[in-house]
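S.K.:
As structure tokens, then:
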């Protein structure tokens, strides 16, 4: 593409972003961009023609013709958001402005492999689109979080520790021919981090730490997910914690924080102690019922997790650490020990402003991040280019 | 400033950056930016008038008027780069294109405080400018690395562990009235990281780890230093390493990697073992002479540092880790153990592409980073705005 073409896309993307952010009048776009009225008009008209924006009249007043109000198109444009877990898939259909039109969660088994799981997902999506009253042709972008490492640029699953049969599978390929829309795939924890970030406008550097069966984190800085050189960033489950070199981890190393302090590890410890626990949910129930042994083990786990986070605070100096995952409902028991460990070990300058908090989106963090990712892409220069080319 | 003004600055910054990157003809700028010939001409002429660019003729040929060649101005424009350590100050005067015109290192004592140290620095700078044949009015930007935490936006030293008397001192204030130039101050390790990054074009996410008397690191991602919420990012010296809870660190905690594996720690251990060492330089000499006890202690230190870096590789997934600092001359002894520890502990996906290497700039990393920072700022929209306003 020519540089002039790129400039045009950047300008269109900026205008669409301003409308998404609440600018409703052409005059506001002129002020915000420094473009001439004519240049704004030409570009806004193009975005309206292409179906991304609409301009609606308000009721006429005695003072003359009322100004028209711009907004993201909602009649014929939706995004789909998918949060794929090991045992569930949550799918949402949402307007470009954020309104969720339909949403549902179904049980799946991720180990059934990509074709089986994505076929069911496709059916689920079809039902929700019908419920929301939109045909497949209205879908403008699809965001999908999956429970494993992803090469985000291609949407390919890479060497997932769970997800049997998915290694090397390029998820967007499944949707080609089914939807005329870009498919944005990322690790589920990255999606959750993005969702939490979007709901914390004062935060610049956020860590989202998911403690469930395993332990992982998502890193967002300045609005973008930090994925690192090979998309492996945030994979903190196998960081070593002191004093546990006798504990074998499924990765083959010993003393990994996931082997010592994950939901699975606490469950195993309590089971060995004779308590009736099978899953992380049982641990949560026991703690909520006030069982002292269960509370003790959760607090010990929190201290280990806090030790790891102290190192990351020293290194990365975030302003927010958000705790999520199936164990996050125990945040009263977890946060105190995590905070104590971070404040004890990290340097005062690094802990001066860090907020260590429970998730505010809870189970919806992943779906919210996937929705954000879809809209973010749709309004990006790349997304705009696709819209201009397609219709 | 109006949005139109900001756009103009962005366009001017882009043009100056293209010339800095090697574009010498107006036609190349037209192609690269998508701007019209007239728009490029108007902006290039402005940058020439303001003294940032020059356009020089080449020898005429029989085929007619030769094309003029654009480049960054060198007659009346230089930047100054300063690397301030605990016991030395290195100062360089350089052309905007990178040529070092004069450079010298002097001994100082950082604990003499800001006024005394900066006064000596100012004299040193004056001598070097005279040597290079430039008056103070030619200085367009000054980059300074200092051995402590800095609030980079204001250039204020914050709670430095060394640097007695500097806490809360705003370094650029000293230079006001002395030079009509922006002063960019940052932690010395951040400057070193930036210098190494600039010399590794294939690298996107770089960690520069400095092992000298202490241990610290600089983080560069996509060309920018990651400073974190309070400018404390990279302060890895107080991350805990397993198995050393009996070792007291000067920070008041125990088991910090700096207390166990820094040059100062190895020096202390060897002295206790009866070896004749006073400073890190003595350790380096002993190892180079093949002393087995000294080599053993350096290798043990490398393993501890490698354990910490393994955690950071899992978390941040860099594509390069560069080892520098006074102990880096021992890289043959250090790198093998650091690499072994990283490969043993971090996950395969994260270590697949990471290069763990010795510094290529050595002692010049800091001064090179400070020079880059000065030029980077000068060509930024903010730097261009200052030039337009001032002259």
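Protein chains in written order, with UniProt numbering: chain U, 1 to 391; chain H, 1 to 391.
Even glycine gets a Cβ: it sits at the ideal position worked out from N, Cα and C.
For the beta strand (DSSP E) holding residue 396/U, just list the boundary residues, first then last.
M.R.: Given that chain U is displayed from residue 1 to residue 391, the structure contains no residue 396/U and the question cannot be resolved.
S.K.: So that I know if they touch, is there some Cβ in chain H lying closer than 8 Å to that of residue 353/U?
M.R.: yes
S.K.: Ignore the nearest five residues each way along the sequence and tell me which others in residue 237/U's own chain have a CB closer than 6 Å to its CB.
M.R.: 214, 215, 216, 258
S.K.: I want to verify the contact list: residues of chain U whose CB lies under 7 Å from the CB of residue 230/H, in sequence order.
M.R.: Within 7 Å Cβ-Cβ: 317, 349, 350, 352, 353.
S.K.: Pairs of beta-carbons, one from the region 79-98 of chain H and one from the region 366-383 of chain H, closer than 8 Å: are there three or more?
M.R.: yes
S.K.: Please list, in chain order, all residues of the same chain as residue 37/H whose beta carbon is under 6 Å from its beta carbon, the five residues on each side excluded.
M.R.: 30
S.K.: In angstroms, rounded to a whole number, what distance separates the CA positions of residue 104/U and residue 195/U?
M.R.: 18 Å
S.K.: Spatial neighbours of residue 251/U within its chain, please: CB distance less than 6 Å, with the 5 preceding and 5 following residues excluded, ordered by chain position.
M.R.: 238
S.K.: Take residue 67/H and list the residues in its own chain whose beta-carbon comes closer than 7 Å to its own, dropping the five residues that flank it on each side.
M.R.: 25
S.K.: Using 8 Å as the limit for Cβ to Cβ distance, is residue 271/U near chain H?
M.R.: no
S.K.: Report the rounded CA-to-CA distance for residue 308/U versus residue 231/U, giving the unit in angstroms.
M.R.: About 20 Å.
S.K.: Is there a Cβ from chain U that is less than 8 Å from the Cβ of residue 165/H?
M.R.: no
S.K.: What in chain H is Cβ-close to residue 235/U, meaning under 8 Å?
M.R.: Within chain H, the residues near residue 235/U are 314, 315, 317, 347, 349, 350.
S.K.: Mind listing the chain H neighbours of residue 6/U? Cutoff is C-beta to C-beta under 8 Å, in chain order.
M.R.: Within chain H, the residues near residue 6/U are 34.
S.K.: Name the chain H residues that come within less than 9 Å of residue 147/U, Cβ to Cβ?
M.R.: In chain order: nothing, as chain H lies at least about 15 Å away.
S.K.: Just to confirm the assignment: which complete beta strand (DSSP E) runs, minimum length 3, are found wholly within the region 118-178 of chain U?
M.R.: 139-146, all fully within the region 118-178 of chain U.
S.K.: Residue 340/H by DSSP, collapsed to three states: which one?
M.R.: helix
S.K.: If you drop the 5 nearest sequence neighbours on each side, which residues of the same chain put their C-beta closer than 6 Å to that of residue 102/U?
M.R.: 93, 128, 131, 132
S.K.: Is the CB of residue 158/H under 8 Å away from at least one CB in chain U?
M.R.: yes
S.K.: Do residue 290/H and residue 342/H come within 8 Å of each other at the CB atom, strictly closer than that value?
M.R.: Going by C-beta atoms, residue 342/H is not nearer than 8 Å to residue 290/H.
S.K.: Determine the extent of the beta strand (DSSP E) in which residue 392/H is found, giving its start and end residues.
M.R.: Absent from the structure is residue 392/H, since the part of chain H shown begins at 1 and ends at 391.
S.K.: Considering only C-alpha positions, which residue in the set 157/U, 278/U, 318/U is nearest to residue 197/U?
M.R.: 318/U
S.K.: Give me the residue from 179/H, 157/H, 106/H, 339/H with the minimum Cα distance to residue 142/H.
M.R.: Each of 179/H, 157/H, 106/H, 339/H was checked against the Cα of residue 142/H, and the nearest Cα belongs to 179/H.
S.K.: With a threshold of 6 Å on Cβ separation, who are the neighbours of residue 148/U within its own chain once the five nearest residues in sequence on each side are excluded?
M.R.: 157, 160, 163
S.K.: Provide the residue span of the beta strand (DSSP E) that contains residue 369/H, from first to last.
M.R.: That residue, residue 369/H, is in no beta strand (DSSP E); its alpha helix (DSSP H) goes 365-378.
S.K.: Using only CA atoms, which one of 75/H, 209/H, 218/H lies nearest to residue 137/H?
M.R.: 75/H
S.K.: Apart from the five residues on each side of it in sequence, which residues of its chain come closer than 7 Å, Cβ to Cβ, to residue 263/H?
M.R.: 211, 212, 213, 280, 283, 326, 327
S.K.: At a CB-CB cut-off below 8 Å, which residues of chain H make contact with residue 22/U?
M.R.: Residues of chain H passing the Cβ test: none, with the nearest at roughly 17 Å.
S.K.: Within the continuous alpha helix (DSSP H) that includes residue 321/H, where are the two ends?
M.R.: Not the alpha helix (DSSP H): residue 321/H falls in the beta strand (DSSP E), residues 320-324.
S.K.: Is it right to say residue 13/U is buried, meaning 16 or more other beta carbons lie within 10 angstroms of its own, or is it exposed?
M.R.: buried
S.K.: Against chain H, does residue 307/U count as a neighbour if the rule is that its beta carbon must be under 8 Å from one of theirs?
M.R.: Closer than 8 Å to some Cβ of chain H, the Cβ of residue 307/U qualifies, so yes.
S.K.: Please say whether residue 275/U and residue 302/U have beta carbons closer to each other than 8 Å?
M.R.: no
S.K.: Beta-carbon of residue 199/U versus every beta-carbon of chain H: anything under 8 Å?
M.R.: no
S.K.: Please tell me whether residue 51/U and residue 81/U are closer than 8 Å, where the distance is taken between their beta carbons.
M.R.: With respect to the 8 Å criterion, residue 51/U and residue 81/U are not classified as neighbours on the basis of their beta carbons.
S.K.: In the DSSP assignment, find the alpha helix (DSSP H) that holds residue 96/H and state where it starts and stops.
M.R.: Unbroken run through residue 96/H: none, as it is neither H nor E.
S.K.: Return the residue from the list 374/H, 145/H, 311/H, 330/H that minimises the CA-CA distance to residue 344/H.
M.R.: Closest by alpha carbon: 311/H.
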